[in-house]
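Down below is the structure, laid out as structure tokens.
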Amino acid sequence: MGFADVLDQVGGFGRFQFIHVALLSIPGLLMASQNLLNNFTAGMPGHRCSVPNRTSLALSHNVSLSELSDAQILQAFIPTADGNVTEADTETCPDGWTYEKTEFLKTIVTEWDLVCALGPLRRMSQTIYMGGVLAGAIIFGGLSDRFGRRALLIWSHFQLATLGTCTALSPSYLAYCILRFLTGMSVSGVILNAFSLQMEWIPTKSRTVVGSIASFFFTVGQVVLAGVAYSLRDWRQLQVAVCAPFYIFFICSWWFSESARWLVLNRRSAEALKHIHRVARINKRPEMVEKITLEEGDAYNFFPTRDRFSTSFAYYGLAMDLQKFGVNIYLVQLIFGAVDFPAKLGALMALTFVGRRVTQSACLFLSAIVIFLQTVRTALAVLGKGFTSASFTCVYLYTGELYPTVIRQTGMGFSSTMARVGSMAAPAVLILEDVLPALPSIIYGGSAVLAGILAIFLPETLNVPLPDTIEDVEEKWTKDKGRQLMEKLRG
1 MGFADVLDQV GGFGRFQFIH VALLSIPGLL MASQNLLNNF TAGMPGHRCS
51 VPNRTSLALS HNVSLSELSD AQILQAFIPT ADGNVTEADT ETCPDGWTYE
101 KTEFLKTIVT EWDLVCALGP LRRMSQTIYM GGVLAGAIIF GGLSDRFGRR
151 ALLIWSHFQL ATLGTCTALS PSYLAYCILR FLTGMSVSGV ILNAFSLQME
201 WIPTKSRTVV GSIASFFFTV GQVVLAGVAY SLRDWRQLQV AVCAPFYIFF
251 ICSWWFSESA RWLVLNRRSA EALKHIHRVA RINKRPEMVE KITLEEGDAY
301 NFFPTRDRFS TSFAYYGLAM DLQKFGVNIY LVQLIFGAVD FPAKLGALMA
351 LTFVGRRVTQ SACLFLSAIV IFLQTVRTAL AVLGKGFTSA SFTCVYLYTG
401 ELYPTVIRQT GMGFSSTMAR VGSMAAPAVL ILEDVLPALP SIIYGGSAVL
451 AGILAIFLPE TLNVPLPDTI EDVEEKWTKD KGRQLMEKLR G
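Numbering (UniProt numbering), first residue to last: 1 to 491.
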């Protein structure tokens with residue numbers, strides 16, 4: 001008897017699955033905040049050199065400083081030594097910086113003066129955070145396949161809560177980056193383990209809807225981030241606001257049942273049966289459930305990794321530099337979050353009726369086209385963000401369905417690693433705007449086109465039970481290839 005049959009016997013998608021999915025999805029409201037937080041905590045306010053507190057030429061002539069331009073103020077307080085020179089040397093601001101407080105009150109930029117020569121450190125902090133997410137994908141992916149999903153999820157919630165809130169107490173830029181790196185590691189642990197626990201307790205027929213609905217929590221989280229960031233314009237307060245709730249999620253995570261699929265594949269059938277009995281009781285079904293016997297696997301399937309890199313690369317290339325659009329940053333964040341609703345609804349319909357392969361390829365191709373055509377910059381960037389978001393919805397579901405249970409977390413960890421490489425590279429590519437303004441769009445769009453082509457060659461998983469062993473995957477691939485060959489011969 002397959003595990004899908006066992007799930008049907010204990011109630012299919014019943015009360016347990018509803019509570020299980022809800023508790024695993026709610027943290028998604030703040031997971032988007034973790035990835036996009038840098039837009040606000042590292043926001044770049046308007047700034048200029050501070051004016052020294054002493055009598056000046058301007059004051060002696062009763063001229064208000066507010067009536068002078070920045071260039072006139074600098075000329076008055078830092079005059080050139082020789083009036084005949086055509087271009088003076090650039091000098092640092094000896095009296096520090098003055099920052100506008102209309103959009104941000106305090107950010108790490110104003111805290112540690114990350115402007116001018118130190119300006120690149122602002123984007124570097126996001127790259128370091130994504131490096132932590134990458135490291136977490138590598139570490140937690142392998143550990144979850146060895147020690148289980150539930151234990152690693154509990155630990156990840158605790159690590160995110162403690163280190164995330166401690167980040168708000170950072171005394172220096174170095175300490176901030178270290179804590180953000182460690183927080184990023186825990187973000188991977190939460191996302192990977194929560195997704196696997198969801199999918200491995202959900203019946204096949206409910207998987208598409210559940211996976212898509214769970215992704216809506218990330219979308220709502222982007223809208224929530226805009227409101228929270230607008231209300232809390234001090235980066236330390238904002239940091240605490242998006243991390244402290246994970247203490248509650250840490251407590252709730254003790255309720256989860258370990259994946260019975262994983263337990264059986266690790267020769268812990270008796271323990272798996274206890275969890276299945278628990279599910280049956282919560283779903284108000286008889287506890288007469290037969291034990292599952294599955295084979296173990298010892299190989300890997302790395303096909304989804306290319307799509308994860310390109311999707312993440314294009315997504316964060318659009319989402320991580322909101323100030324470039326020249327519009328109120330809180331409004332742009334709200335719009336970027338809201339566009340995901342129709343995008344993911346469209347993805348849900350396509351995933352249900354068309355299939356994973358076509359949906360994934362189409363989303364990547366459409367996002368590439370829109371990125372290439374960013375003439376009306378903000379409007380098309382919003383559309384591009386929507387298509388890449390739809391692609392994200394598909395790729396998370398698709399990746400989990402392609403890997404067998406025995407190595408699902410390791411495989412998803414590797415795929416997530418490639419996604420983080422893309423998200424780390426995305427901010428760095430923006431630097432190429434100084435060379436050629438259109439170059440970042442060409443690179444982002446080109447990666448999406450390449451991934452869209454590769455996605456065409458992946459097997460379809462619509463309404464197919466989750467594979468548990470390597471043999472299941474090989475058998476599925478063999479059948480698909482055999483069927484395609486027969487169709488060609490008949491044609």
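Glycine residues also receive a C-beta, built at the ideal position from the N, C-alpha and C atoms. Small disclaimer: the values here were computed from a predicted structure and weren't measured.
| Query | Result |
| --- | --- |
| Arg122 to Ile154 span [Cα, whole Å] | 32 angstroms |
| 8 angstroms Cβ cutoff met for Ser206 and Leu348 | no |
| DSSP three-state assignment for Asp113, whether helix, strand or coil | coil |
| Where the beta strand (DSSP E) containing Thr167 begins and where it ends | Run containing Thr167: none in the beta strand (DSSP E); it sits in the alpha helix (DSSP H), 149 to 167. |
| Pair within 8 angstroms by beta-carbon distance, Pro45 and Val109 | yes |
| For Thr102, three-class secondary structure by DSSP | coil |
| Cβ contact check for the region 95 to 107 and the region 6 to 16: 3 or more pairs under 8 angstroms | no |
| 8 angstroms Cβ cutoff met for Gly141 and Leu192 | yes |
| Trp235 - DSSP class collapsed to helix/strand/coil | helix |
| Separation of Thr167 from Ala244, as counted between CA atoms | 11 angstroms |
| Reduced DSSP category for Trp255 - H, G, I as helix; E, B as strand; rest coil | helix |
| For Trp201, three-class secondary structure by DSSP | coil |
| Sheet register partners of Trp97 (DSSP bridge) | Cys49 |
| Cβ contact check for the region 227 to 241 and the region 15 to 24: 3 or more pairs under 8 angstroms | no |
| Within 8 angstroms, strictly: CB atoms of Val242 and Ser33 | yes |
| Contacts around Cys177, its chain only, beta-carbon distance under 7 angstroms, and the 5 residues preceding and following it disregarded | Ser125, Ile128 |
| Terminal residues of the alpha helix (DSSP H) in which Ala280 lies | 269 to 282 |
| Segment limits, alpha helix (DSSP H) that includes Asn38 | 38 to 41 |
| Buried or exposed (CB count within 10 angstroms, at least 16 for buried), Ile19 | exposed |
| Straight-line Cα distance separating Phe104 from Thr293 | Only weak support is given to the placement of Thr293: the predicted model assigns it a pLDDT of 43, under 50, and the value that follows is read from those uncertain coordinates. If I take the Cα positions, the gap works out to 58 angstroms. |
| At least 3 beta-carbon pairs within less than 8 angstroms: the region 155 to 163 vs the region 210 to 229 | no |
| Residue environment, Glu87, which counts as buried when at least 16 other CB atoms sit within 10 Å | A caution first: Glu87 carries a pLDDT of 49, below 50, which makes its placement in the model unreliable, though a value can still be read off. Glu87 should be labelled exposed. |
| Member of Phe195, Ala137, Leu152, Ile138 whose CA lies at the smallest distance from the CA of Val21 | Phe195 |
| Which of helix, strand or coil DSSP assigns to Val464 | coil |
| Under the three-state DSSP convention, the category Ala244 falls into | coil |
| Nearest-angstrom beta carbon gap, Gly346 and Gly221 [assumed within contact, 8 angstroms] | The Cβ separation is near 19 angstroms, so there is no contact. |
| Run of the alpha helix (DSSP H) containing Ile456, from where it starts to where it stops | First-last for Ile456: undefined, no H or E at that position. |
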